[in-house]
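**Q** I'd like to ask some things about the structure below.
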Amino acid sequence: MDKQQRTSSIVFSSKRYEYDVFLSFRGEDTRKNFTSYLDKALNKEKIKTFIDDRLEKGDEISTTLIKAIENSCISIVIFSKNYASSKWCLNELSKIMECKRVRKQIVMPVFYNIDPSHVRNQTESYKDAFGKHKEDPKCDQWKNDLTEAANIAGWDSRNSKNEPELLDVIVEAILEKLIPRYYSQRDGLVGIDNSYKEIKSLLKIGSNEVKIFGIWDMGGIGKTTIAKVVYEKLSPDFEGHCFLENVREKSEKCQNLCEEIFSKLSDKKNHCFEVVKLRWLLQRKSVFIVLNDVTSEKQLEEVIYQFYPLGPVTTRNKQIFRLDDVIYPVQGLSFHHSLELFYLSAFGEKQPKYGYEDISKKVISYCGAIPLALKVVGASLRSKSKEVWECKLNKLRSIPDMKIQKALKLSYDDLDDSQQNIFLDIACFFKGEPRDNMFPISEIEVLLDKSLITILDGEKGEVIEMHDLIQEMGHEIVRQESIIYPERRSRLWKYEEVVNILKRNKENDVVEGIILDLKLLDESLNLSYDFLAKMTCLRFFKIHGYNIYTKKSFNLPDGLESFSDKLRYLHWSNCCLESLPSKFCAEQLVVLHMPNSKLKKLWDGILNLVNLKEINLKWSEYLTDIPDLSMAKKLERVDLRGCKSLHQLHTSISSISELKYLDLRWCSRIGSLNIHSKYFSQLYLRGCSCLTNISVTSDELTKLDLYGTMNLESLNINSRSLVDLSLRYSSFLKEILVASEEITKLSLRGTAITSFSSISSLPKLRCLDLSDCKKIEILDLHSKSLVEIDVSGCSSLKKISVASEEVTKLKLSGTAITSFSSISSLPKLRCLDLSDCKKIKILDLHSKSLVEIDLSGCSSLKKISVASEEVTKLDLSGTAITSFSCISSLPKLTFLYLRGCKRIEILDLHSKFLIQLDVRGCSSLKEISVASEKITKLSLHGTAITSFSCISSLPKLANLDLSDCKEIEILDLHSKSLIKLDLCGCSSLKEISMILEEITVLNLSGTAITSLRSSISSLPKLTRLDLSDCEEIEILDLHSKSMIELDLRGCSSLKEISMI
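What follows is the structure, encoded as structure tokens:
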């Protein structure tokens, strides 16, 4: 009888496998129930399945069946009660397990109403079956195969609520195996699985929540590929579906698209198409439609927004969508997937040819995770030598691949003339530059939405970025303007081409932009005074960098005549001019950027600066003054930091209403400043050491940093928006006048202020820093909004009163305070710093919210009482305390510091949560007892302790410091947790016995140890041993296989060393 086989419809086409799944089962057990249902579920997911529909005859499986197993990607073995009774099934299983071992076939077992152990160990019904097979020579092989198969992770039907649930789980697991395997083999696709899952989730099929779904990003990124995978996987679940390729290239009328959709959904060529017929059809069918490469809003209006069929739209233009549409931005491939795709394209497999690894990574770096580029470049290099690869890569860096360029250029072609010019300007000059000022926001948004640029946060704020291949596309567009003659191109950025044109010094009405990196100069460049005047169309001129090694420079021995009257952007780092030309026409100038220049002045007189938005002259140390800028009505940013010769600003600065940013940091000669600008928001005056008077009026000023304005005497700030004001070390400032109800942070550190009446008028003040204000004696703070107060270092402060009940952090370090009645009961106080308050003798803290208390250096403190049960950190270092009964009342204490408490002789700690205990320098301490089992770090440096019995009872102790414990002569340590032990300077230590299984670092430097062999052998993980200055050691015999570092410096008696 001819064998009949049934397969599901094919979606996954592969050159390697004929079938996705092979089903092995015992017919009489499961054919009409579980196996039938599983076959149906696989068929629904379009998984090509082999199922043998004929009844078993005989014991041997046919050649056709063997080929079916060999040509399947996955074998599902359904073990049932009578599976082992069939030699046919056992022979089938043996072939399957052979394919698993030899062909790496995936095997997935299902235990249907049977305990897996019965299969694994051949017990119960399987034992009975093998009683009948015991004479068969294949018996042992069958048993081994059953055991091996049963040890593979699978499904036990008895653990599922019902069969439909089990079927769903099995099918989902098969899909997870098949999708990446088949799609990576078919057309060399990789990295698709995550995108498919994310899109499937976002589509929310069946919920009617998502109507319009966009797959958006730059050309070549894989939008169409992802859309095809989504379509192939999801469309079969709909009554109607169609995939419209290349909508960009379709007929101009959107009605033609509707007609094509109708034709595909109805299987009719209808020349009398009417929209109403399509609407009628869509209302009666569940439909999944993909529109690929949509470019206009009109196409969406007429097709998608009119009918709302479910399915993705791929596009490079984000602007075609509405605000409530769901948009999925495609991410570039990961480095791992980029490698995989490139290897498939270049070598036909997922591994590189030997010796090609490094150059492959260079190519991948060039392609920048764009699938199209990886495939095109990879295919062009297939079967080529490494020398050819190097040549190809070098060529690509100067002349891009035209297939890639053609795909990327489609987005550029959709721009209007103005947008194309802006794109080319960015590609040639402004990649990595701040987005502000140069270009209209609306045009930048267009480039963003077409995925031609991105905006990233950088040190300079928001900067414009662009994929390297997109930039290369822009460069190539400019190169095509004149392939042979660079001087006939609109923009020049290559060093050699720019230098040649500058040296030739000829009339030029084509070049619009030049960029020159002075770091590349191999000789000083001396140019004519009129070289820029001859470039009549020059809009952008950028000279940057400086070669600190060759010190070659860009010189104008006769000065400079003028610039083009079309100049919009002037960036000239390290400019050698003392002044810009008198004929300088600046009407079109938007940005003037001349850092580190030798300028003494900009120009004489008043220039028409109607478009100027930014001036940057930072670190121009010879600049003495700024000219009249009254005509610069649009000026927003002025950066003059480091101009140390600048002694004043022109009064016109005060009248510029659009000014937002002024940086005068380290302008050490400026004496006064008056700024009155409505939109002024950022002012930087740090290090203006000669500044004595400041008056600022602005509605937008939010932060003012006056750190180091040490001669400041008068400050008048009128800004409703000021939030953060720093006057640190304005040491002559005695009074401030600030009209802002928004201030939340005020720093007056190191000032001479003694009156704080103005602070009470700041209703939102949260953080107040008065540290190092040496003249304050009494401080009365009425502000009820304060959260953090710092008066540390106010050495004259004797009394403080705080009205705010919101205070959580209070620093009183180094003050003369002795009374704490006003602060001890602050209800929300968490952190209290009273370190170095030398006059405190007795301290009663009633606040029940305290978590951290620092009393270090309070040398007169003898007694302390703490009411809070929340304290986790307590520092009593350097105090005169000898009794620690209060510590027992702190149930959550985890960190305790008692460094330098020289009066302590016995320490008995009952706290059960201690993690760190530091008693370094407690020179009288002879005995210690610690109850905590959580302690991990214990420092006993410089104590008089000799007994360490308590240490063995600390199960988590990892770090123990016993350095400079001069009384120790013999040490016996047993710990299963100790990792680091420091015995440095224990000069009396002669003998040590250790059982420390985890220790890695041991310091015995400066001890009197003479022998180590027996001790070291019990330290199996020791990596670092310090025996420096152990002058008693004569012979060293070390048996340690883990040792990495050994220090024997200063072992003056050492004569012999043996190491294993």
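Okay, so the sequence shown: first residue is 1 according to UniProt numbering, each after it adds one.
Glycine included, every Cβ here is placed at the ideal spot set by N, Cα and C.
Keep in mind that this is a model prediction, so the values were computed, not measured.
Taking C139 as part of the alpha helix (DSSP H), name the residues at either end of that continuous run.
**A** Numbered from 1 along the sequence shown, position 139 holds the residue referred to as residue 139. Unbroken alpha helix (DSSP H) run through C139: 139–150.
**Q** Taking 6 Å as the limit between beta carbons, can you name the residues of its chain near I1035, skipping five residues before and five after?
**A** Working through the sequence shown from its first residue, we reach residue 1035 at position 1035. E1056, listed in sequence order.
**Q** Should the stretch 78–93 be regarded as contacting the stretch 28–36, the criterion being three or more beta carbon pairs within less than 8 Å?
**A** Because the criterion of three Cβ pairs below 8 Å is met, the stretch 78–93 and the stretch 28–36 touch.
**Q** DSSP on Y707, reduced to helix/strand/coil?
**A** In the sequence shown, the residue the question calls residue 707 occupies position 707. Correct three-state label for Y707: coil.
**Q** Locate the beta strand (DSSP E) running through H544, then write down its first and last residues.
**A** Here residue 544 refers to the residue found at position 544 when the sequence shown is read from its first residue. Note, H544: beta strand (DSSP E), 540–544.
**Q** Rounding to the nearest angstrom, what Cα-Cα distance links L861 and L646 in this structure?
**A** Walking along the sequence shown from the start, residue 861 turns up at place 861. Walking along the sequence shown from the start, residue 646 turns up at place 646. Going from the Cα of L861 to the Cα of L646 covers about 54 Å.
**Q** Grab me the residues of S657's own chain with a C-beta within less than 8 Å of its C-beta, minus the 5 sequence neighbours each way, in chain order.
**A** One-based indexing of the sequence shown puts residue 657 at position 657. Excluding sequence neighbours, S657 sits near K633, S677, K678, Y679.
**Q** In whole angstroms, what separates the C-alpha of residue 1062 from that of H337?
**A** Not covered by the structure: residue 1062. The range shown for the chain is 1 to 1060.
**Q** Below 8 Å on the Cβ atoms is my contact criterion, and I expect S847 with L829 to pass it. Report the Cβ-Cβ distance as a whole number of Å.
**A** By 1-based counting over the sequence shown, the position of residue 847 is 847. By 1-based counting over the sequence shown, the position of residue 829 is 829. About 5 Å separates the two Cβ atoms, so the contact holds.
**Q** How far does the beta strand (DSSP E) with M1059 in it extend, from its first residue to its last?
**A** What you label residue 1059 is simply residue 1059 of the sequence shown in a count that begins at 1. M1059 -> beta strand (DSSP E) spans 1056–1059.
**Q** Return the residue from the list I261, A227, F423, V287 that minimises the CA-CA distance to P236.
**A** Residue 236 sits at position 236 when you count from the first residue of the sequence shown. Closest by alpha carbon: V287.
**Q** Look up W280 in the DSSP assignment and say whether it is helix, strand or coil.
**A** As a first step, residue 280 is located in the sequence shown; it is residue number 280 there, counting from the start. It is helical.
**Q** If you reduce the DSSP assignment to three classes, tell me which class W389 lands in.
**A** The residue labelled residue 389 in the question sits at position 389 within the sequence shown. Helix, per DSSP.
**Q** Quick check: what's the CA-CA separation for I226 versus D413?
**A** Taking the sequence shown and counting its residues from 1, one reaches residue 226 at position 226. Taking the sequence shown and counting its residues from 1, one reaches residue 413 at position 413. Approximately 24 Å, taken between the alpha carbons.
**Q** Alpha carbon to alpha carbon, how far is I778 from T692?
**A** As a position in the sequence shown, residue 778 is number 778, starting the count at 1. As a position in the sequence shown, residue 692 is number 692, starting the count at 1. So the two alpha carbons sit approximately 27 Å from each other.
**Q** Chain B beta carbons: is any one of them nearer than 7 Å to that of Y196?
**A** Among the chains in the structure shown there is no chain B, since it carries only a single protein chain.
**Q** Could you check if I864 is buried or exposed, using at least 16 other CB atoms within 10 Å of its CB as the buried criterion?
**A** Along the sequence shown, one-based indexing puts residue 864 at 864. I864 is buried by the Cβ-count criterion.
**Q** Just verifying my parser: in three-state terms, what is the DSSP assignment at P312?
**A** Position 312 of the sequence shown, counted from the first residue, corresponds to residue 312. In this structure, P312 counts as strand in the three-state DSSP scheme.
**Q** Anyone know if the C-beta pair for A816 and K799 falls short of 7 Å?
**A** Translated into positions along the sequence shown, residue 816 becomes position 816. Translated into positions along the sequence shown, residue 799 becomes position 799. No, the pair does not count as a contact, with Cβ atoms beyond the cut-off.
**Q** Quick one: residues in its chain with C-beta nearer than 8 Å to the C-beta of L381, no 5 flanking neighbours on either side, listed in chain order?
**A** Reading the sequence shown from its first residue, position 381 is the one you call residue 381. Excluding residues within five positions, the ones whose Cβ falls inside 8 Å are A346, V363, V388, W389, K392.
**Q** In whole angstroms, what is the alpha-carbon distance linking S117 and T49?
**A** Walking along the sequence shown from the start, residue 117 turns up at place 117. Walking along the sequence shown from the start, residue 49 turns up at place 49. Spanning the two alpha carbons is a distance of roughly 28 Å.
**Q** Just confirm the distance between the C-beta atoms of A150 and V119, as a whole number of angstroms; I'd bet it's less than 8 Å.
**A** Within the sequence shown, the letter at position 150 stands for residue 150. Within the sequence shown, the letter at position 119 stands for residue 119. Right, the Cβ-Cβ distance comes to about 4 Å (below 8 Å), so this counts as a contact.
**Q** Do you know offhand how far K923's Cα is from C950's?
**A** The sequence position of residue 923 within the sequence shown is 923, counting from 1. The sequence position of residue 950 within the sequence shown is 950, counting from 1. According to the sequence as given, residue 923 is Ser; it is not Lys. Going from the Cα of S923 to the Cα of C950 covers about 19 Å.
**Q** When the distance is taken between beta carbons, is E561 closer than 7 Å to A533?
**A** By one-based count along the sequence shown, residue 533 stands at place 533. By one-based count along the sequence shown, residue 561 stands at place 561. Against a cut-off of 7 Å, the Cβ pair of E561 and A533 comes out as a contact.
**Q** What residue range is occupied by the uninterrupted alpha helix (DSSP H) comprising Q471?
**A** As a position in the sequence shown, residue 471 is number 471, starting the count at 1. Element bounds for Q471: 468–479.
**Q** How far does the beta strand (DSSP E) with K633 in it extend, from its first residue to its last?
**A** Position 633 of the sequence shown, counting from 1, holds the residue named residue 633. Premise fails: K633 is in no beta strand (DSSP E) and is neither H nor E.
**Q** Which residues mark the beginning and the end of the alpha helix (DSSP H) in which E497 is found?
**A** Residue numbering aside, residue 497 sits at position 497 when the sequence shown is read from its first letter. Looking at the DSSP string, the run of the alpha helix (DSSP H) that includes E497 is 495–504.
**Q** Counting only runs of 3+ residues fully inside the stretch 719–782, write out the beta strand (DSSP E) ranges in chain order.
**A** Fully enclosed beta strand (DSSP E) runs of 3 or longer: 724–726, 737–739, 745–747, 767–769, 778–781.
**Q** Name, in chain order, the residues that DSSP records as bridge partners for L520.
**A** Residue mapping note: residue 520 aligns to position 520 of the sequence shown, counting from 1. Answer is none; L520 lacks a bridge partner.
**Q** Using three-state DSSP, classify R1024 as helix, strand or coil.
**A** Against the sequence shown, residue 1024 aligns to sequence position 1024. If DSSP states are grouped into helix, strand and coil, R1024 belongs with the strands.
**Q** Please determine, among Y622, L659, G642, D20, the residue with the shortest C-alpha to C-alpha distance to L629.
**A** Position 629 of the sequence shown, counting from 1, holds the residue named residue 629. Checked all of Y622, L659, G642, D20; the closest Cα to L629 is L659.
**Q** At the level of alpha carbons, what is the spacing between L1054 and L983?
**A** Here residue 1054 corresponds to residue number 1054 of the sequence shown, with the count starting at 1. Here residue 983 corresponds to residue number 983 of the sequence shown, with the count starting at 1. When rounded, the distance between both Cα atoms is 20 Å.
**Q** Kindly give me the distance between the Cβ atoms of E433 and I464, rounded to whole angstroms, as I take these residues to be in contact under 8 Å.
**A** Residue numbering aside, residue 433 sits at position 433 when the sequence shown is read from its first letter. Residue numbering aside, residue 464 sits at position 464 when the sequence shown is read from its first letter. 6 Å between Cβ atoms; contact.
**Q** Checking 7 Å against the spacing of the C-beta atoms, do I743 and L765 come in under that value?
**A** Counted from its first residue, the sequence shown places residue 743 at position 743. Counted from its first residue, the sequence shown places residue 765 at position 765. Yes. Within cutoff.
**Q** Let me confirm a value: Q122 is counted as buried when at least 16 other C-beta atoms fall within 10 Å, else exposed. Which label applies?
**A** Translated into positions along the sequence shown, residue 122 becomes position 122. Answer is buried; the Cβ neighbour count reaches 16.
**Q** How many Å lie between Y354 and L339 at the Cα?
**A** In the sequence shown, counting from the first residue as 1, residue 354 sits at position 354. In the sequence shown, counting from the first residue as 1, residue 339 sits at position 339. Their backbone Cα atoms lie some 15 Å apart in a straight line.
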